[in-house]
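Per this note's numbering, the very first residue in the sequence shown carries number 1494; after that it's consecutive. See structure below.
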Amino acid sequence: MPKVRFEPMGKEVEAPAGTNLLDLAMESGIHINASCGGRGVCGKCRVNISGGEVGGGVSEKLSEKDRGAGVRLACKSEVIQDVVVGIPVESAIDKVALKALAGGSARIARAYDEVELKEQGRFDPASVKKVVTAPEPSLEDARNDVRRLLDALKEMGERHFVVDFEAIRQLPGAWRDGNWTVTVTIVRPVNPTGRNRIVKVQPGDTTDRNLAVAIDLGTTTVWAQVLDCNSGKILGTEGGFNSQISHGEDVISRIIATGKPGGLKRLQEAAAASINEVLETLFNRLELSIEDINLAVLAGNTTMTQLFLAMDPKYIRLEPYVPTAAYYPPVQASSFALHLANHTPLVVFPSVASYVGGDVVSGVLGVGMHKDPKLTLFLDLGTNGEVVVGNQDWLACAAASAGPAFEGGGIKYGMRASAGAIENISINPLTGEPSIVTVGRQLPKGICGSGLIAAVAAFMMAGIIDESGKYNFDHPTDRIRDGEDGPEFVLVYKEDTQIGRDITLTELDLDNLLRAKGAMFAAFMALLEGVGLSIHDLERVILAGGFGQSINIERAIMIGLLPELPTEKFIFVGNGSLLGARLICLANHLRAEVGHIVEMTTNFELSAHPGYMDYYTGSLFLPHTEAKTLFPQVYNNLNEAKESLKAARAAK
């Protein structure tokens, strides 16, 4: 059987002849960029064959020089003999950018502060511990152990219990080892009239260790927080990448991947493994035992939720776009391969529609949009852009398929915001020379979403591109040239990169960004029109998600991604998905509000909206075909820049 060695990891595996190289890498835990999910259309899964040969792997996405140097596309390559496969630096995954996201933002919106909840008497964790003491049995009092426990709880004012089977097994030893004092772990129901569940019994008093974990299962990243349910404090936060990205950058690619034999199982396991990696790091750092975790709450978009719960998501992408369920009952966390104790229940946030999921519901809860009189626009910017508009009286939502451009997908040298990604750019308008900043201040190896927006905004001000995103070959810079994929601008020459190739932005890249920003802008314009409102009726705009947190407001307005409103109306929520999940751990009564949010939210299917395509078409320009009315300040600034540039060149 052929042997495949992946470098620089030094990992060697055996595989039958004919095995697809990208599939083998995934199964071996080796990440290779594959924005299209291995369909052969993105050209990003480049590998270097330095020993032996593979079958196939050649594509029009590779130049003749690349092919001669042994570069192949992993998704089109088959193992035919012993081979050494080099994984290029642009496929490396690191957590440099995640550390920045953990810090939050200066302008954070939140409805509930954990300390305030406690001060107001609204602090009621879904998982609580109670110390119970009872008299020792005798011939005169031979009640069974469970009856003795329930009677003691009744005397304490606690009623309506069901005792889990595992807790019943623990009880006899716990009573006697604790000298007839035990600590019971109780999980409260959503409905106050429902039954409390006793999920665990321990001897003595262990009430000092009552912890919960909040989990955000994102398309690109996974985040978790450990919470002290006694104090309400956050003990620690950790993030990592969702290893499902090896199966595709976007949810559609992953849904397609589940159609392959064993695909759903692989993606469920990948999601669970990604969460477990984050939890393990967190528990080790905080020196915690999984036995101390008495509740887990998970929020994710509809596709991520169904993939984690091993529910076939294929109908989400097929008209009329129907998810399996809106609500999910609490489940045993360990039954879905999470490395948590058997007694730990998992609460999963409900979804509104196929493309408006629990992550958005969690964010709306966290910022209190459903209880605020202010008319608010909530934007979760990403591959699947989600939009909510409304206030305490009503909520309306929609989803736009923006594509992966904001995460670096569909961009020739695009990448996630990790070390070496270009995240900021300025350009000298006279010479066209760029000044760049990368994540981690390392040599560049690609460009991430925030860098892409910065570049386009700089191009606009410097006259390097026109309103349709086409390069101006009359500009004096020699960085504009005809490349293999058409006109392009050289951001960094190869000798100054990690990858040994010029990092460029092609007109195709700019077109992908225009489509992404156009989809988002058209989505909230169509949604506002659908409820009889306009941009100027908005009192605030809340930006959620990792990309939303890192975005530069002024530049996003300049390219037409965000509406032209005073910057003080824009507020960052950071990770809204994690915020809501955390609150559910600490305030059980908020679970009822989650249901209220779902029920008060009306979903609009944009494909059926008569004006959506008009808004979308108008948004495929910089900043918009109606720039003078929708973006008057940007319109004036661009004209002033054009006149200043003309005068400066004339003076020169």
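Even glycine gets a Cβ: it sits at the ideal position worked out from N, Cα and C.
- Span of the beta strand (DSSP E) holding lysine 1938? That residue, lysine 1938, is in no beta strand (DSSP E); it is neither H nor E in DSSP.
- What's the C-alpha gap between lysine 1558 and arginine 1972? 21 Å
- Task: Output yes or no for whether 9 Å exceeds the beta carbon distance between isoleucine 1661 and isoleucine 1679.
- Result: no
- Message: Does the beta-carbon of isoleucine 1957, which I'm using as the reference point, lie nearer than 8 Å to any heavy atom of the ligand FMN?
- Response: In the structure on display, the ligand FMN does not appear, and there are no ligands present to speak of.
- Message: Checking 9 Å against the spacing of the C-beta atoms, do tyrosine 1821 and valine 1853 come in under that value?
- Response: no
- Message: I'd like to confirm the pairing. Which residues does DSSP put opposite alanine 1860 in its beta bridges?
- Response: Residue 1860 is actually valine in this sequence, not alanine. Looking at the DSSP assignment, valine 1860 forms no beta bridge with any residue, so it has no partner.
- For serine 1570, which of helix, strand or coil comes out of DSSP? strand
- Message: Please classify glutamate 1900 as buried or exposed, where buried requires at least 16 other C-beta atoms within 10 Å of its C-beta.
- Response: buried
- Message: Taking the straight line between their C-alpha atoms, what separation do you get for valine 1932 and aspartate 1995?
- Response: 18 Å
- Sub-9 Å separation of aspartate 1575 and glycine 1544 beta-carbons: yes
- Query: Is it buried or exposed for phenylalanine 1829, if we count other Cβ within 10 angstroms and need 16 for buried?
  - Reply: buried
- Go ahead and pull the three-state DSSP assignment for glutamate 1784. helix
- Task: Taking all protein chains shown into account, decide if lysine 1693 is buried (16 or more other Cβ within 10 angstroms of its Cβ) or exposed.
- Result: buried
- Indicate whether the contact test is met: 3 or more Cβ pairs, each with one atom in the region 1975–1986 and one in the region 2083–2094, closer than 8 Å. no
- Message: Within a Cβ cutoff of 6 Å, which residues of the same chain sit near leucine 2131, ignoring the five residues on either side of it in sequence?
- Response: none
- Beta bridge counterpart(s) of lysine 1622 as assigned by DSSP: Thr1678
- Nearest-angstrom Cα separation, counted from leucine 1858 out to asparagine 1884: 12 Å
- glycine 2025: buried (16+ other C-beta within 10 angstroms of its C-beta) or exposed? exposed
- Item | DSSP-derived helix/strand/coil call for proline 1838 | strand
- Query: Looking only at its own chain, which residues have a Cβ that is under 7 Å from the Cβ of valine 2104, when we skip the five neighbours before and after it?
  - Reply: Checking the sequence shown, residue 2104 turns out to be glycine, not valine. Result list for glycine 2104: Ala2019, Glu2022, in chain order.
- Do we get a CB-CB distance below 9 Å when we pair glycine 1550 with the residues of chain C? Here chain C cannot be found, since the structure has a single protein chain.
- State the Cα-Cα distance for the pair leucine 1833 and phenylalanine 1776, rounded to the nearest angstrom. 11 Å
- Does the region 1778–1790 come close enough to the region 1801–1810 to have 3 or more Cβ pairs within less than 8 Å? no
- Task: Quickly, what does DSSP pair alanine 1707 with across the bridge? List them, please.
- Result: Gln1718, Val1790
- Message: For the beta strand (DSSP E) containing alanine 1764, name the first residue and the last one.
- Response: Careful: alanine 1764 lies outside any beta strand (DSSP E), inside the alpha helix (DSSP H) at 1756–1779.
- Message: Between proline 1581 and isoleucine 1992, how many whole angstroms is the CB-CB distance? I'm expecting something under 8 Å.
- Response: 7 Å
- Every unbroken beta strand (DSSP E) within the region 1983–2040, with a cutoff of 3 residues, ordered by chain: 1996–1999, 2033–2037
- Query: proline 2116 and glycine 2067: beta carbons closer than 9 Å?
  - Reply: no
- Start and end residues, beta strand (DSSP E) containing isoleucine 1809: Note, isoleucine 1809: premise wrong, no beta strand (DSSP E); not H, not E.
- Where glutamate 1507 and glycine 1979 are concerned, what is the direct C-alpha to C-alpha distance, given to the nearest angstrom? 41 Å
- Task: Check the DSSP bridge columns for lysine 1496 and list the partner residues they point to.
- Result: Glu1507
- In the DSSP assignment, find the alpha helix (DSSP H) that holds leucine 1800 and state where it starts and stops. 1795–1801
- Task: Alpha carbon to alpha carbon, how far is isoleucine 2050 from valine 2127? Give it in angstroms, no decimals.
- Result: 8 Å
- Delimiting residues of the beta strand (DSSP E) encompassing phenylalanine 1734: 1727–1734
- Task: With a 10 Å radius around its C-beta and 16 neighbouring C-beta atoms as the bar for buried, classify histidine 2029 as buried or exposed.
- Result: exposed
- Message: Under DSSP, the alpha helix (DSSP H) around alanine 1819 begins and ends at which residues?
- Response: Alanine 1819 -> no alpha helix (DSSP H), and no H or E assigned at all.
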